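Okay, structure first, notes after.
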Amino acid sequence: MENLLEIVAKFDVSAEVTDVKPMGEGLINDTYKVFVDGSDKPKYVLQRINNAIFQDVDMLMDNISKVTDHLRKKGKKTLKFYPTESKKYYYLDEISPLPAVGRNDGKKDGSKYWRLMDYVPDSLTYQTVNSHFSYLAGKSFGEFEAALSDMKEPLGENIPNFHNIEFRLKQLRDAVSEDRLGRVAEVQYYLDEIFKREEKMTLGERLFREGKLPKRICHCDTKVNNMLFDKYGNVLCIIDLDTVMPSFIFSDFGDFLRTAANTGLEDDPNPGNVDFNMEIFKAFTNGYLEGTKDFLLPVEKENLPYAAMLFPYMQTVRFLADYINGDTYYKIKYPEHNLVRTKAQWRLFEKAEEKEPDMKKCLTL
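Under the numbering used here, think of the first position of the sequence shown as 530, with each following residue one higher.
Here it is, written out as structure tokens:
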């Protein structure tokens, strides 16, 4: 704890810090509540940035500071981050030992990157995915994009090619070409089906090259639990800004529906449990169109059904490539885990594809 107090002291805060306690489970970043003198409630949040995932921390925090500054200038509620004495929004600790909390992997050089932000008092997060929360998510993430649609300062791409389906298909082809473990033969059906739809599913990248589809500033991790609510159920602000970067709006739209509209599990061993929930699609779409009504282009709106299909398609490609490569990227619980994930995601894609006409009808109502 003494080491953490020393780290908090590196940031430009005036309050006297008295205690630091673990917060949450730290699936990506180790997170701590920071208490100050005279209060029994947290004042700040201290977080270790996992630079195994976000390897350019300067870019990461530069993006976040630009986005939060822009949102504040527009009167929007957003997270507040604190600079260090050197005016950076992170502190690099190269020598102190890391407390044994959460995930501590990915530090090739032993250094740790830390950031400090305000703790938002009396705020709540929800895991619930229903029509109500899906509508709120669509509206909130749409308004988030709308507020940033006139931002002039450029942002970097934190995770290059994160949602680039052409890049993901190339990774799959490379995996097939190497066939390290001789697994290609058993998954040939899925490979044939994936590549049969390649032209259809790479539409976004082609439209971009033709100058018809713009890149926007997107959140790129649209989940219900990435919104803070007050006790009355009102959305306070969008959180988890690490993946905010230039992308197609398809990222924010399709990524939410890939998880929220799935009636089964991402790794459901029984693909028969998996369907594409149109009620969730309708609710999220209604909210999203309301939030983006001032800037969304016709080409973006008309291709929202494509976005809903793209993300289960892309995740199928990623799971399958990892299975063929010998499970080197995603953590697995048993040898066929990535194959099970592949089958479940492909089922979700097929169900979304079946409902493409219904999705298009929703956009014309």
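For every residue, glycine included, the Cβ atom is placed at its ideal position computed from N, Cα and C.
Predicted model only: the values in this text are computed from it and were never measured.
Cβ-heavy atom distance between Trp-875 and the ligand GDP below 8 Å? In the structure shown, the ligand GDP is absent, as is every other ligand, since no ligand is present at all.
Using 8 Å as the Cβ pair cut-off and three pairs as the minimum, do the region 811-828 and the region 856-865 touch? no
Residue ranges of each alpha helix (DSSP H) run of no fewer than 4 residues wholly in the region 530-591, ordered along the chain? 531-537
Cα-Cα separation, Thr-788 to Asn-867: 17 Å
Short check: CB of Val-764 to CB of Leu-757, under 9 Å? yes
By how many angstroms is the C-alpha of Asn-532 removed from the C-alpha of Leu-589? 24 Å
If I measure Cβ to Cβ from Leu-710 and keep anything under 6 Å in the same chain, skipping five residues before and after, which residues do I get? Gly-855
Is it the case that the region 582-598 contacts the region 657-666, given that we only count it when at least three CB pairs across the two stretches are under 8 Å? No contact exists between the region 657-666 and the region 582-598.
Check whether the Cβ atoms of Asp-569 and Val-546 sit closer than 9 Å, and answer yes or no. no
Continuous alpha helix (DSSP H) stretch holding Cys-747: start and end: Note, Cys-747: premise wrong, no alpha helix (DSSP H); beta strand (DSSP E) at 745-747.
Beta bridge counterpart(s) of Asp-622 as assigned by DSSP: Lys-641
I need the straight-line Cα distance from Leu-732 to Tyr-835, nearest angstrom please. 8 Å
Backbone secondary structure at Gly-635 - three-state DSSP: Residue confidence is low: Gly-635 scores 41 on pLDDT, short of 50, so the model does not pin down where it sits. Its coordinate-derived value is still stated next. Here Gly-635 carries a coil assignment [DSSP, helix/strand/coil].
So Met-756 is in the alpha helix (DSSP H); what residue range does that whole segment cover? No alpha helix (DSSP H) holds Met-756; the beta strand (DSSP E) holding it covers 756-758.
Would you say Lys-562 and Met-552 are within 9 Å of each other, going by their C-beta atoms? yes
For Gln-656, which residues from the same chain have a beta carbon less than 8 Å from its beta carbon, with the 5 sequence-adjacent residues on both sides left out? Val-753, Asn-754
With 16 as the cutoff for other CB atoms within 10 Å, does Val-773 come out buried or exposed? buried
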